[in-house]
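Read the structure below first, then the notes.
Protein chains: 2
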Amino acid sequence: MKVLGVIVEYNPFHNGHLYHLQQAKKIVSPDYVIAIMSGNFCQRGEPAIINKFARAEIALKNGIDVVFELPTVYALQDAGGFAFGAITLLDKLTVVTDVVFGSESADKNFITTVAKTLLENPDKFDNLLKIELKKGLSFPNARKFALKKFLNENEDFLKMIENSNDILGIEYVKSILKLKSKINYHLIKRIGAKYNDTELESKYSSATAIRNAIVRNNPFETYVPQTSYKVLKREFSYGRGPVSLENMEQFILTFLRLKHRKDFESIYSFTEGLDQRFIKAIKTSKKLSDFLEKVKTKRFTYSRIRRAIFHALFDFKKEYIEFSNKLGTQYARILGFTKKGQKLLSKIKKASKIPIISNPSLHEKVLKKVLTDKDRKWEVNKKLFIWQFEKDIVASNIYTMFYPQKNERKYGLDFRKPIIEGENE
Amino acid sequence: MKVLGVIVEYNPFHNGHLYHLQQAKKIVSPDYVIAIMSGNFCQRGEPAIINKFARAEIALKNGIDVVFELPTVYALQDAGGFAFGAITLLDKLTVVTDVVFGSESADKNFITTVAKTLLENPDKFDNLLKIELKKGLSFPNARKFALKKFLNENEDFLKMIENSNDILGIEYVKSILKLKSKINYHLIKRIGAKYNDTELESKYSSATAIRNAIVRNNPFETYVPQTSYKVLKREFSYGRGPVSLENMEQFILTFLRLKHRKDFESIYSFTEGLDQRFIKAIKTSKKLSDFLEKVKTKRFTYSRIRRAIFHALFDFKKEYIEFSNKLGTQYARILGFTKKGQKLLSKIKKASKIPIISNPSLHEKVLKKVLTDKDRKWEVNKKLFIWQFEKDIVASNIYTMFYPQKNERKYGLDFRKPIIEGENE
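If you read the sequences in order, they're chains A and B. Reminder that position 74 of the first sequence reads as 86 in my numbering, one-by-one numbering, no gaps. Reminder that position 202 of the second sequence reads as 214 in my numbering, one-by-one numbering, no gaps.
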């Protein structure tokens with residue numbers, strides 16, 4: 013049995029995603045396809061444009077059999093944390109045989125060499141990295157230059173490693189190697205626009221450009237599959253979106269104005285003076301864009317700053333994130349599945365090393381059962397499980413507050429059963 | 013020299029306020045008039061409709077010579093705390109000879125008897141109060157019935173003490189007696205609508221009704237003096253108002269959704285199970301009005317619940333509020349003065365027992381000077397001064413975030429010099 017895993021945000025699901033999925037299936041010829049998807053907040057440090065259940069629904073309509081949620085504590089981390097959360101989740105399910113990820117270079121040897129080198133020589137690389145960081149560079153840039161020195165590569169290398177999908181790819185492979193996972197990995201070349209491009213292009217536009225079009229009320233129908241378009245439109249018509257960082261502006265600034273420097277002490281990602289920059293910038297910012305610009309330096313990228321805001325908001329304690337980045341994902345939360353996916357789920361439930369959460373109201377019961385089960389080798393830490401899970405719940409409760417329609421601002425969005433999709437369309 | 017003090021909110025300044033001020037002047041014939049005014053948040057547990065500087069400006073245009081701010085830690089307390097903050101401020105200035113307050117009964121003997129009795133027999137009254145509170149009554153109601161038993165009065169008494177101005181009046185007198193203050197107090201009958209009336213009436217409408225009219229974009233010109241109307245209109249035209257609790261709905265609900273029960277433990281006013289009611293109600297509330305209704309009981313009035321929200325928001329620590337309710341106001345922050353008022357201010361600066369804050373940027377310098385001054389008997393506690401002052405600053409920073417116009421959402425509204433009004437108009 014072949015099970016393909018893909019790691020996605022689908023924010024929103026567009027033509028490029030569909031193409032990628034079809035290519036991945038061609039390469040692997042899987043019996044089943046699983047997606048690990050960000051929940052209501054995404055890696056760029058932004059709320060998703062529609063909620064995770066609606067996004068899971070679109071995924072199921074487009075060829076995914078089961079959608080699991082990447083816990084918020086990983087979805088809101090940099091490439092390293094994001095990848096580690098996703099790969100540990102895939103690996104602990106034990107049934108996934110292959111993973112395919114998009115890549116600008118699509119050069120498996122190169123990506124693997126870099127990943128291996130990084131993994132096997134942590135000290136030597138760390139020293140080079142420190143030198144670059146001292147120059148005030150952002151982490152991705154410092155890593156790039158340190159890697160160059162480390163691998164004695166030329167300038168072409170720099171260009172290759174600049175691409176966000178390659179960076180993620182390296183992190184996926186690092187995690188796979190680190191876990192000594194048996195999962196095979198494949199790279200496929202990304203099609204169309206780059207991840208961060210803001211302009212709409214032909215048929216294949218970036219998710220960023222599509223979100224911008226949506227928020228500005230511009231047409232976007234040609235850039236997404238019809239199934240995606242319909243669900244997006246339905247959600248908007250109910251007033252459950254579009255949700256954007258701009259919607260959260262007043263809340264975020266007010267929240268930050270209440271903070272003292274010491275409040276950031278225990279929060280992940282407030283290192284290297286970021287706390288000071290926050291406190292200073294908030295004093296002269298009337299708009300969120302002002303604030304972000306004022307905190308921005310070569311070292312602190314916009315994504316990192318936005319994520320840091322959410323780390324403070326959701327109280328991402330340093331110790332727990334570090335713990336999470338050692339032990340990995342503690343549960344597999346099902347957002348949705350197809351009838352076909354249901355068969356795979358029964359196999360997963362028998363083999364997984366982490367509990368499968370289908371009905372979140374029962375999560376404590378499930379945890380208790382797992383902790384007392386001597387028949388299987390579980391990889392669960394009680395405290396961390398509860399902490400990670402609680403962050404997903406809180407994230408959803410905050411997310412719905414930013415729906416345009418007040419009557420939809422439901423508390424406890426998470427306490428519902430998964431989406432079940434009749435057939436793939 | 014006679015100096016009249018009035019304790020006000022002026023939210024907004026209306027015809028009834030002007031009448032009250034004129035009557036007060038008739039009774040006292042003062043050389044100067046001082047107002048102690050709530051800042052950006054008022055005793056009903058709501059943001060003021062326009063900011064404190066604009067409200068001070070209106071007061072100065074209508075016959076007040078100096079406006080001092082009632083610190084936020086008192087403005088957001090029940091009648092007892094509110095009155096204590098205001099009276100200690102007036103008393104510590106040492107120059108105030110008379111205070112006049114509005115009253116439904118205007119029965120000085122009655123108010124004084126009640127105040128004295130309450131003050132002199134705390135234990136006996138407390139026991140009666142506890143019995144009534146155990147019935148689940150709100151504090152004002154429980155106090156009313158306990159007082160009835162205590163004073164052996166009849167049903168008429170109950171009606172008299174139901175009125176919010178009489179309740180405040182009793183608290184003012186209690187504070188005056190407690191401090192053994194030399195300030196003379198006078199009662200004048202309130203004119204027109206009751207404090208809480210929501211409907212607009214003839215010339216004299218309640219501030220609540222006027223705020224409702226403003227928020228609903230209805231005409232309100234006939235209910236306020238022209239000077240008040242002009243300033244209100246000017247503030248609205250700049251987008252610095254109207255500010256209302258409704259503007260804060262999304263923020264407040266999101267803020268509360270982030271809270272755990274233990275977060276309320278250290279906060280003032282979360283006693284008698286209010287924390288539990290908050291946590292329970294937030295889980296089923298999509299709107300602020302839902303939330304308030306769900307928390308509401310006989311015991312917890314709407315005003316108390318709204319104030320409790322702000323206590324949590326501004327981190328009103330139990331110990332510091334209790335400390336504040338023992339030591340009283342720690343500084344006299346000038347919001348504005350007339351040319352005439354300036355003369356009074358120089359007298360006050362020579363005699364006051366608490367520091368006069370004119371330029372808030374210098375507040376630490378002023379405090380330091382006072383703490384090392386051996387020539388005068390100051391009544392200042394360093395820690396409490398800093399704590400109270402910081403709450404005013406934070407309150408203003410949060411307040412401006414709810415201006416309709418983003419460009420006006422200035423941080424540090426407080427760090428400006430007082431309004432100086434040329435002449436009373």
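Ideal Cβ placement from N, Cα and C applies to all residues, glycine included. Keep in mind it's a predicted model, so treat the numbers as computed, not measured.
Segment contact flag, the region 133 to 150 of chain B with the region 111 to 123 of chain B, C-beta cutoff 8 Å, min 3 pairs = No: fewer than three Cβ pairs fall under 8 Å.
Exercise. If we count Cβ pairs, one from each stretch, closer than 8 Å, do we get three or more for the region 284 to 294 of chain B versus the region 292 to 302 of chain A?
Worked result: No: the two stretches stay apart, fewer than three of their Cβ pairs being nearer than 8 Å.
At what residues does the beta strand (DSSP E) containing A/V111 begin and finish?
According to the DSSP assignment, A/V111 belongs to the beta strand (DSSP E) that extends over 110 to 115.
B/D77 vs B/K352 beta-carbon contact at 8 Å: For B/D77 and B/K352, yes; Cβs fall inside 8 Å.
- prompt: Under 8 Å Cβ-Cβ, which residues of chain A neighbour B/L347?
  reply: The premise fails here: B/L347 is roughly 21 Å from chain A at the closest Cβ pair, so nothing lies under 8 Å.
**Asked** Curious, which full-length alpha helix (DSSP H) runs of at least 4 residues does the region 142 to 186 of chain A contain?
**Response** Listed in chain order, the complete alpha helix (DSSP H) runs (minimum 4 residues) inside the region 142 to 186 of chain A are 151 to 163, 167 to 172.
Exercise. Got a sec, what are the start and stop residues for the beta strand (DSSP E) A/G93 sits in?
Worked result: First-last for A/G93: 91 to 105, but that is the alpha helix (DSSP H), not the beta strand (DSSP E).
_For the region 260 to 274 of chain B, list every residue whose C-beta sits within 9 Å of some C-beta in chain A, in sequence order._
Cβ contacts with chain A: M260, E261, Q262, F263, L265, T266, F267, R269, L270.
Review point. For the ligand COA, is there a heavy atom less than 7 Å away from the beta-carbon of A/Q288?
Key: Within the structure as shown, the ligand COA is missing, as the structure has no ligands at all.
Determine the chain A residues that contact B/N393 at a beta-carbon separation under 9 Å, and present them in chain order. Within chain A, no residue comes near B/N393; the closest Cβ sits about 21 Å away, beyond 9 Å.
List, in chain order, every chain B residue whose beta-carbon is nearer than 7 Å to that of A/G424. For A/G424, the chain B residues whose Cβ falls inside 7 Å of its Cβ are K295, in order along the chain.
**Q.** Beta-carbon neighbours of A/I410, restricted to chain B and to distances below 8 Å
**A.** For the C-beta of A/I410, the chain B residues within less than 8 Å are, from N- to C-terminus, T266, R269, L270.
* Mind checking who A/A344 pairs with in its DSSP beta bridge? => According to DSSP, A/A344 bridges with A/I368.
Check: Is it the case that the Cβ atoms of B/L356 and B/Y22 are separated by a distance below 8 Å?
Finding: Taking 8 Å as the Cβ cut-off, B/L356 and B/Y22 do not qualify as a contacting pair.
Q.
I'd like to know if A/M49 contacts chain B, where contact means its C-beta is closer than 8 Å to some C-beta of that chain.
A. Interface residue (Cβ-Cβ distance to chain B less than 8 Å): A/M49 is not classified as such.
Compute the distance between the beta-carbons of A/E433 and A/L16, then report whether it is under 8 Å. Judged by their CB atoms, A/E433 and A/L16 are not nearer to each other than the 8 Å cut-off.
Once DSSP output is grouped into helix, strand and coil, what is the label at A/E331?
In the structure shown, A/E331 sits in a helix (DSSP, three-state: H, G or I).
**Report entry** Length of the line joining the Cα atoms of B/H29 and B/V18
**Finding:** For B/H29 and B/V18, the distance between alpha carbons rounds to 11 Å.
| task | Compare the C-beta of B/N436 against all C-beta atoms of chain A and say whether one is closer than 8 Å. | result | The predicted model places B/N436 with a pLDDT of 44, which falls under 50 and marks its position as unreliable, so this point remains unresolved.
Using 8 Å for Cβ pairs, my map puts A/L265 next to A/F326. What's the rounded Cβ distance?
Going by Cβ atoms, the distance from A/L265 to A/F326 rounds to 17 Å, so no, they are not a contact pair.
Just how far apart, CA to CA, sit A/F151 and A/I200? Just so you know, the alpha carbons of A/F151 and A/I200 end up roughly 26 Å apart.
TODO: Would you mind stating whether A/I61 and A/P254 have Cβ atoms separated by less than 8 Å?
DONE: Contact flag set, yes.
- Message: Relative to the C-alpha of B/G99, which candidate in B/L180, B/A158, B/I123 has its C-alpha closest?
- Response: A small correction: the amino acid at residue 99 of chain B is Ile; Gly does not occupy that position in the sequence shown. With respect to the C-alpha of B/I99, the residue from B/L180, B/A158, B/I123 having the closest C-alpha is B/L180.
Margin query: Whole angstroms are fine: how far does the CA of A/R428 sit from the CA of A/I405?
Written below: Distance between the alpha carbons of A/I405 and A/R428 is about 11 Å.
**Report entry** Proximal residues, the region 317 to 332 of chain B versus chain A, C-beta separation under 9 Å
**Finding:** Those would be L325, F326, D327, in chain order.
Are A/V126 and A/I182 touching if we call contact CB-CB under 8 Å? For A/V126 and A/I182, yes; Cβs fall inside 8 Å.
Legend entry - Coarse secondary structure for A/Y197, derived from DSSP in three states: Strand.
Problem - Within chain B, the residues that A/K298 reaches when beta carbons sit closer than 8 Å - result: The contacting residues are K418, N419, E420, R421, K422, Y423.
DSSP state of B/A407 mapped onto helix, strand, coil | B/A407 falls in the helix class under three-state DSSP.
| request: Check each candidate in B/K361, B/E233, B/R388 and name the one with the smallest Cα separation from B/S217. | output: It is B/E233 whose Cα lies nearest to the Cα of B/S217.
Legend entry - Residue burial classification, A/S1 (beta-carbon count within 10 angstroms, cutoff 16): Outside the displayed range of chain A (13 to 437) lies residue 1 of chain A, so it cannot be described from this structure.
Q. For B/V406 and chain A, any beta-carbon pair shorter than 8 Å?
A. Residue-level contact check: B/V406 touches chain A, since one or more beta carbons of chain A fall below 8 Å from its beta carbon.
- Task: Round the Cβ separation of B/Q5 and B/A95 to the nearest angstrom and send it over; I've been treating them as touching at under 8 Å.
- Result: No answer is possible for residue 5 of chain B: the residues shown for chain B start at 13 and end at 437.
Out of curiosity, what's the CA-to-CA distance linking A/K338 and A/F157?
Between the alpha carbons of A/K338 and A/F157 lies a gap of roughly 26 Å.
Local conformation of B/L30 per DSSP, three classes: Three-state result, B/L30: helix.
Does the distance from the CB of B/K1 to the CB of B/I317 come in under 8 Å? Given that chain B is displayed from residue 13 to residue 437, the structure contains no residue 1 of chain B and the question cannot be resolved.
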